[in-house]
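So the sequence lines, in the order shown, correspond to chains A and B.
Those letters in the first sequence? Residues 74 to 458, per my numbering, in order.
Those letters in the second sequence? Residues 403 to 764, per my numbering, in order.
Note that CB positions come from ideal geometry on N, CA and C, so glycine has one too.
Some notes on the structure that comes next.
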Amino acid sequence: MKKRIFALVITLSFAMLSLAACGTKETADGNEKFYIGGIGPITGGAAVYGQHVKDAAALAVKEINDAGGINGYMIEYRFEDDVHDPEKAVNAYNTLKDWGMQILMGTVTSNPGNAVKEETYADNMFMLTPSGSAPEVIQYDNAFQVCFSDPNQGMASAQYIANKGLATKVAAIYNSSDVYSTGIYEKFAEEAKNQNFDIVSAEAFTDDSDTDFMVQLQKAKDSGAELLFLPIYYEEATLILTQANAMDFKPIFFGCDGLDGILGVDNFDLSLAEGVMLLTPFAADADDAKTQKFVEDFKAINGDIPNQFGADAYDAIYIIKAAIEKSGVTPDMSISDITDGMKEAMTQITVDGLTGAGMTWEATGEVNKAPMAVVIEDGQYVSAE
Amino acid sequence: MKTKILNVNKSMGSNLITIGMIVVAYTVCQTLIATGSMTNLLKNLLVAMCYYSIMAISLNLTVGILGQLSLGHAGFVCIGAFVGAFFSKVTISTIENTFIRFSLAILIGALSAGLFGVIIGVVVLRLKGDYLAIVTLAFGEIVKNVINVLYIGIDSKGVHFSMSDTASLNLEEGGTVIVKGAQGISGTPRNSTFTIGVILLILTYLIIVNFINSRSGRAVMAIRDNKIAAESVGINITKYKILAFSLSAALAGVAGVLYSHNIATVQSTKFGYNMSIMILVYVVLGGMGNLRGSIIAAVLLTFLPEYLRFMRDYRMLIYSIVLIAMMLFNWAPACINWRKNHSLKSYINAVVRMFKKNKKEA
């Protein structure tokens, strides 16, 4: 009897699967709506970034649809998981294409972006990445970025440190197994040669050894560094801050947008983050009405305070809206025509978003916006100007 | 005499069925593509199914035929992927003919993975069982981590290597960085097609089947079944172990080349122990020593997570549950018994018996 029930369950589950497959096919011909797809990791190690992008973009889509859509056309939005893996990202892209996607808001991370950009280029589909910051992602003319590219952040950091005269001896700790981190560091090191400070110690770690930083910190300390440059994500940064404090090493800590989120880490002594400087386009506790409304609405959906990735995605949807309005493309046009229209419009529009006022784009896909340096005081971001 | 002919036919027949299945699947897919009724997702997955199948049957050679547990198979795939991609990127302007370039890339990828198979095999095949599993696991991680910090660039003076960053390659003006550490290789020409994938899969299958049915293959299986007995009849244990192991590595390298030429960008972090375990899952699910089973398992399990996307957030959970159910259905003794009693064959036999009985009565 047991065996029979078991066999029945298996048979049923397979039958269900084959039926479900028939139901997922939808056609997008003769569209009345814009089909915008998103790709990012919502499971696996980088899930927190994808989850924020997914929810923030959904929020923006809902706002636009409630306000009457883009030129009267509603938006259909769907987000697919890529597990931060290029192979899965291409699968996600094809799934979205089968669904009828016309515009891609993705990918969230750089490595998957490198694979997907080949596909969008072959299909001539418009691609706007909220946070895929490697310069290779926007190699082709159909791809644009909302965030700063990694080299730009490295360059801006070096120039900021030099212009403000923050230090003459700088140490760096970066993640050599991460594209984001190495991308920033390499440009930073290159630009440092033109500036009036020296890199006295540069130590790397990898994803497999990201818990103990005593060796790297000791080297930085021995070299007499006055400033420690951390082009890494905030999880490792909290460990570095804690361990540096334990060995009584107190330089200026300087990071990039990856450090955004450091104030939201559980079980982290926030007093250690006092005086940490970071370049970030978005601060969740800024007091303008737009940011506050976004943070509040986002918390209602997701439960967390949005990080910079979420803000980038929210802006991305509004940027797509602005580009559609400028170019006047309509959903019944072919994907290639929509892309050609939006591509041209991107260089003409100016968008005021959460991550920067007066954002404009080059035809290369890079964004122009002012980097904003903040310093942490009393557990708050304060503008460092 | 009669039984002997039957035996030969049985083994031949089984191979023909497998190859026939691949060819039929290929024809069906090509027809679907030609009539435009295949989704983009599936079209893209076809090549992936081919290289995962090749990985599965090549590992089956080590696990099923040689009887040694290897957890570092992804390491060989990684070597094949990077060497093949490197070769293609370097020669893209000198070898114009795509077919020749890609064939050479496959050959070179296979050879270098096979070479590593020999090197590793000589050292680690002295161990067996759990010990071998751990050592191969470590090997896979070493390959992954070394390639992860490797920078290789090319300029007019030749090839430059570095383990720290692109700046220390000291390339002259106009030199290109090909392997970029954690970013891996991007911009590999996308030469992998479904047709090439299927041809390679059939070739791999034939190589393995021929190996199994050869004198060497019988020696390898003798070692698996009873090492002491095999040694006592004069079989050179080390030689045959290394032979099978490196052949398996070389074929994994072929899958790697196919992989890196299917996706424009390849990073070594992809080839961690997770991938090794995944390939092992294909082998175990399909049956150790059962090549056809490995192919079916690889195809199903590549397809399933993508197919389950409509489950949204529960996708990976359902995938795991289906995997457990499939494993039980295939290998739990109670299920095997049940399938024996309810197999298609037994029903057909029952019908035939009934038919015969009726005929007799009539």
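{"Asked": "Partners in chain A for residue 718 of chain B, counting only beta-carbon separations shorter than 7 Å", "Found": "116"}
{"Asked": "Host alpha helix (DSSP H) of residue 230 of chain A (start-end)", "Found": "223-236"}
{"Asked": "Contact between the segment 583-594 of chain B and the segment 486-497 of chain B (3+ Cβ pairs under 8 Å)", "Found": "yes"}
{"Asked": "8 Å CB neighbourhood of residue 717 of chain B in its chain, flanking five on each side removed", "Found": "707, 710 and 711"}
{"Asked": "Residue 149 of chain A: first and last residue of the uninterrupted beta strand (DSSP E) it sits in", "Found": "147-154"}
{"Asked": "The segment 216-240 of chain A: positions lying closer than 8 Å to chain B by Cβ", "Found": "none"}
{"Asked": "Whole-angstrom C-beta distance between residue 250 of chain A and residue 550 of chain B, which should lie under 8 Å", "Found": "5 Å"}
{"Asked": "Beta-carbon proximity check, residue 383 of chain A vs residue 157 of chain A, cutoff 9 Å", "Found": "no"}
{"Asked": "CB-CB length for residue 438 of chain A against residue 211 of chain A, believed under 8 Å", "Found": "3 Å"}
{"Asked": "Neighbour flag for residue 165 of chain A against chain B, beta carbons, 9 Å", "Found": "yes"}
{"Asked": "Distance between residue 633 of chain B and residue 625 of chain B (C-alpha atoms, nearest Å)", "Found": "8 Å"}
{"Asked": "Beta carbon proximity, residue 108 of chain A to chain B, threshold 9 Å", "Found": "no"}
{"Asked": "At least 3 beta-carbon pairs within less than 8 Å: the segment 458-478 of chain B vs the segment 561-571 of chain B", "Found": "no"}
{"Asked": "In DSSP terms, what residue 563 of chain B is bridged to", "Found": "B:554"}
{"Asked": "First and last residue of the uninterrupted alpha helix (DSSP H) at residue 419 of chain A", "Found": "408-419"}
{"Asked": "C-alpha gap between residue 72 of chain A and residue 556 of chain B, whole angstroms", "Found": "The question about residue 72 of chain A has no answer, for chain A in this structure spans 74 to 458."}
{"Asked": "Straight-line Cα distance separating residue 724 of chain B from residue 101 of chain A", "Found": "Because the pLDDT at residue 101 of chain A is just 46, under 50, the model does not fix this residue reliably, and the point stays unresolved."}
{"Asked": "N- and C-terminal bounds of the beta strand (DSSP E) containing residue 315 of chain A", "Found": "No beta strand (DSSP E) holds residue 315 of chain A; the alpha helix (DSSP H) holding it covers 307-319."}
{"Asked": "Within chain B, partners of residue 153 of chain A - CB distance below 7 Å", "Found": "711"}
{"Asked": "Distance, residue 689 of chain B Cα to residue 737 of chain B Cα", "Found": "15 Å"}
{"Asked": "Residue range of the unbroken alpha helix (DSSP H) whose run includes residue 387 of chain A", "Found": "381-400"}
{"Asked": "Bridge partner(s) assigned by DSSP for residue 281 of chain A", "Found": "Residue 281 of chain A pairs with nothing; no bridge assigned."}
{"Asked": "Contact under 9 Å by Cβ, residue 621 of chain B with residue 516 of chain B", "Found": "no"}
{"Asked": "Contacts of residue 442 of chain B in chain A (Cβ-Cβ under 7 Å)", "Found": "167, 170 and 171"}
{"Asked": "9 Å Cβ cutoff met for residue 359 of chain A and residue 214 of chain A", "Found": "no"}
{"Asked": "Beta-carbon proximity list for residue 729 of chain B, same chain, < 7 Å, skipping 5 on both sides", "Found": "687"}
{"Asked": "Residue range of the alpha helix (DSSP H) that includes residue 440 of chain B", "Found": "Per DSSP, residue 440 of chain B belongs to no alpha helix (DSSP H) and is neither H nor E."}
{"Asked": "Residue 734 of chain B, buried or exposed, once every other Cβ within 10 Å from all chains shown has been counted against 16", "Found": "exposed"}
{"Asked": "In DSSP terms, what residue 440 of chain A is bridged to", "Found": "A:434"}
{"Asked": "7 Å Cβ cut-off: residues of chain A touching residue 666 of chain B", "Found": "187, 188 and 191"}
{"Asked": "Assigned secondary structure, residue 192 of chain A (DSSP; H/G/I helix, E/B strand, else coil)", "Found": "helix"}
{"Asked": "Residues of the segment 696-711 of chain B with Cβ closer than 9 Å to any Cβ of chain A, in chain order", "Found": "706, 707, 708, 709, 710 and 711"}
{"Asked": "Residues of the segment 195-218 of chain A with Cβ closer than 7 Å to any Cβ of chain B, in chain order", "Found": "209"}
{"Asked": "Cβ of residue 359 of chain A within 9 Å of any chain B Cβ", "Found": "no"}
{"Asked": "At least 3 beta-carbon pairs within less than 8 Å: the segment 225-234 of chain A vs the segment 259-267 of chain A", "Found": "yes"}
{"Asked": "Interface positions of the segment 573-606 of chain B facing chain A (Cβ-Cβ less than 9 Å), listed along the chain", "Found": "582, 583, 584, 585, 586, 588, 589 and 592"}
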